[in-house]
Amino acid sequence: MTEGGWVAWVLRLVEIGAEGEGRCADVMEISRPDSLGDIADLGLTLANARLVLAGVQREIVAAQARVHAARRPACRSCGTACRVKDYRQHAIATLFGQVTVRLPRFCCAGCGTTEAGVTWPPHIRSTPELDRLQAQFSALMTYRTAAEVLAQMFPLDAGTAHETLRRHTFKVAESLPMPTTVTPATPAEVITLTLDSTFIRSCEAGERHLEVRIGNVETTTGRRQVFGAVAKTDTDLAALIRGNLDAVGRTKNTALTAFTDGCPGLRHILLGVGIAELPILDWFHLAMRQQHLTQVAGSLSSDTPERAAAKTVIIEEVERLRWRLWDGKAQDAGISLERIQAVMPPFQGEPDSRRSVAPSRKLWTALQALDDYLTGQSDWLVNYAERHRAGLRVGTALTEGTANFLVNRRMAKSQQMRWTRRGADRLLQVRCAVYNGTLGSGFGQRFQAANDPHPPVAIAA
Ligand SMILES: [Zn+2]
């Protein structure tokens, strides 16, 4: 092993203008070990890199400010050349450190009109790129974590408080453009729309939960856009949905199928979008309830001959019920429910165990819940079997996936987070934009091609 020495590099910026080489400035000196005995000595460290970025940023901004200050704009009112009125300091947080620029304000020599000389508002404190990156990170992790990660990676020395990230995220959310047709839009023959709701914890006085409405539009060619809004905010969900439909190529000839879990509020929103036909109850929702029923039936006790016989009947009937729902026959489903209820007596008085409710009581509750659900939704059931045979979708089966992507991973109950109505809505807008790849350069689209042709049967089976 040789004794390691150090080498220094001077980072020098040379300005190249129209007249060739101009001013040059030494940004910094980088000192690194001259041997590679230790892998950690290879190349730049993060600390070096952050200093380089901050140094280069300072020099470039200073050079831009010098050029800017030498300009004399013409008056917007009379065209006379302006003269400098005074100078103002602007402290701006950038992704590569806080910079201070001294900018002239101008005054017209002719009519006395004041000219700012820049188009950005005088109160601006950060660059749009910094705001956007903070919003992107905040969409993926908590404000606090996002602030820490960014501060680790970049030479930020202002705007690193998590409150600042929240404020910037709101700002970005509120300036997001409405999704519109990307020209030239490929016309979509078929679009499937899913609209559902989920809940997150509220921190607002007088309410425990906030309703979050989420959904997606998909074409058969794999185009997909997600959208969402927290209920009772100023976000116009119907307008968002219309914009997203246009963005994936809806025309007046598009066959549009809507799936929801059928709460009246969602149906009302669909009407606002111009979907007058009854939406279809997503098979996914039915299958989930069905699956629960199957599990509970299988856990019934068979400790007496009467119970064993009843259990056999119940398991058969639950199976039959699935096929009845699959055929869209809500009324026949009622028959199944009655038959199951008729053979339940051997389980009457079954005590709960110390750990959990007796399976027969669970079954009873699940049956009641399904009965109530079907009573409210029977108009929305379709013949899923027939649709499926015709190669049509019976549900998107993306409901849970969409909810997970958009809401649960960042805003869910398990994280013990509580949200204000506006705060949750703004973050949701940014999350949607991140997943749709419309937040500007950066992460791009987060969804994989999501069109799975056979999910409903997999759930039913
Ligand atoms: Zn003037």
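Read left to right, the sequence shown gives residues 9 to 469 (the working numbering).
C-beta atoms are modelled at their ideal positions from N, C-alpha and C, and glycine is treated no differently.
Residue j beta carbon less than 8 Å from that of residue i
i, j, result
"Thr268", "Thr200", "no"
"Pro136", "Gly125", "no"
"Cys90", "Ala82", "yes"
"Ala7", "Leu248", "Since the displayed the chain opens at 9 and closes at 469, residue 7 lies outside it and no answer follows."
"Leu218", "Ser205", "no"
"Pro187", "Thr446", "yes"
"Ala246", "Arg439", "no"
"Arg84", "Thr121", "yes"
"Ala154", "Leu173", "yes"
"Val281", "Arg250", "yes"
"Ile68", "Asn56", "no"
"Thr202", "Gly230", "no"
"Lys416", "Val234", "For clarity, residue 416 is Asn in the given sequence; the question names Lys instead. Not in contact: Asn416 and Val234 (Cβ atoms no closer than 8 Å)."
"Ile283", "Val390", "no"
"Thr127", "Arg430", "no"
"Val22", "Glu29", "yes"
"Leu138", "Ala101", "yes"
"Cys86", "Cys116", "yes"
"Phe480", "Arg434", "Since the first residue of the chain shown is 9 and the last is 469, residue 480 is not available in this structure."
beta-carbon residue i near ligand 3 non-hydrogen atom, thresh 7 Å
i, result
"Gly125", "Absent from the structure shown: ligand 3. Ligands present: ligand 1."
Rounded C-alpha distance that separates residue i from residue j
i, j, result
"Val180", "Ala143", "7 Å"
"Arg216", "Glu123", "51 Å"
"Gly357", "Lys337", "32 Å"
"Met296", "Asp290", "10 Å"
"Arg401", "Arg232", "15 Å"
"Thr88", "Ala26", "27 Å"
"Leu308", "Val351", "13 Å"
"Trp17", "Thr53", "14 Å"
"His176", "Phe145", "11 Å"
"Gln328", "His293", "Gln is not the amino acid found at residue 328; the sequence shown has Arg there. About 18 Å."
"Ile322", "Arg332", "15 Å"
"Ala255", "Thr383", "36 Å"
"Arg20", "Val107", "19 Å"
"Arg133", "Val109", "12 Å"
"Ser449", "Asp380", "Below a pLDDT of 50, predicted positions are generally treated as unreliable, and Ser449, at 48, falls in that range; no measurement from the model is reported."
"Gly403", "Arg330", "15 Å"
"Glu285", "His276", "12 Å"
"Glu325", "Ser361", "26 Å"
"Phe451", "Val442", "Annotation note: pLDDT 41 at Phe451 (below 50); position unreliable, coordinate value reported separately. The alpha-carbon atoms of Phe451 and Val442 are separated by roughly 7 Å."
"His170", "Met425", "15 Å"
"Ala318", "Gln385", "29 Å"
"Pro130", "Ala99", "11 Å"
"Leu279", "Glu346", "35 Å"
"Val157", "Arg96", "33 Å"
"Thr355", "Gly342", "Note that residue 355 is Phe in the sequence shown, not Thr. Rounded to whole angstroms, Phe355 to Gly342 spans 21 Å at the Cα level."
"Arg152", "Leu141", "14 Å"
"Arg274", "Ala213", "Reading off the sequence, residue 274 comes out as Leu, not Arg. Their Cα atoms are separated by approximately 25 Å."
"Ile24", "Gly105", "24 Å"
"Asn252", "Arg397", "29 Å"
"Asp340", "Gly409", "31 Å"
Best match in the options for proximity to residue i [C-alpha to C-alpha]
i, options, result
"Met419", "Asp360, Met36, Thr150, Thr410", "Thr150"
"Leu103", "Ala166, Gly384, Trp128", "Ala166"
"Tyr392", "Arg363, Ser344, Trp334", "Trp334"
"Val15", "Pro41, Cys32, Gly28, Glu23", "Pro41"
"Ala432", "Ser368, Ala239, Trp372, Asp387", "Ala239"
"Ser368", "Ala316, Pro130, Phe413, Ser386", "Ala316"
"Arg258", "Glu226, His276, Val234", "Glu226"
"Ala366", "Asp340, Gly306, Arg417", "Gly306"
"Leu371", "Leu414, Gln299, Val390", "Gln299"
"Thr228", "Gly30, Glu197, Ala33", "Glu197"
"Val304", "Ile348, Cys271, Gln339", "Ile348"
"Ala33", "Gly13, Leu301, Arg66, Ser43", "Arg66"
"Phe413", "Ala398, Leu436, His396, Arg395", "Leu436"
"Ala71", "Arg397, Arg31, Arg79", "Arg31"
"Thr243", "Glu346, Thr410, Asp340, Glu182", "Glu182"
"Ala411", "Ile343, Arg434, Phe207, Leu253", "Phe207"
"Lys260", "Thr168, Cys271, Cys119, Pro195", "Pro195"
"Asp7", "Pro272, Ala213, Pro353", "With the chain covering 9 to 469 only, the question about residue 7 has no answer from this structure."
Review point. If you pair each beta-carbon of the stretch 373-390 with each one of the stretch 308-325, do three or more pairs fall below 8 Å?
Key: no
Exercise for review: Could you pull out every unbroken alpha helix (DSSP H) segment of at least 4 residues lying fully inside the stretch 26-90, listed in chain order?
Suggested key: 54-78
**Study point:** At least 3 beta-carbon pairs within less than 8 Å: the stretch 86-102 vs the stretch 42-57
**Key:** no
Exercise for review: Report the residue ranges of all beta strand (DSSP E) runs contained in full by the stretch 365-430; include only those spanning at least 3 residues, in chain order.
Suggested key: none
Exercise for review: Please go through the stretch 247-297 and give each complete beta strand (DSSP E) segment of 3 or more residues, from N-terminal end onward.
Suggested key: 263-268
**Study point:** Contiguous beta strand (DSSP E) assignments of at least 3 residues, all confined to the stretch 140-165
**Key:** none
Check your understanding: So, do the stretch 49-63 and the stretch 157-174 have three or more beta carbon pairs nearer to each other than 8 Å?
Key -> yes
**Study point:** Ordered list of alpha helix (DSSP H) runs contained in the stretch 165-219, each at least 4 residues
**Key:** 170-182
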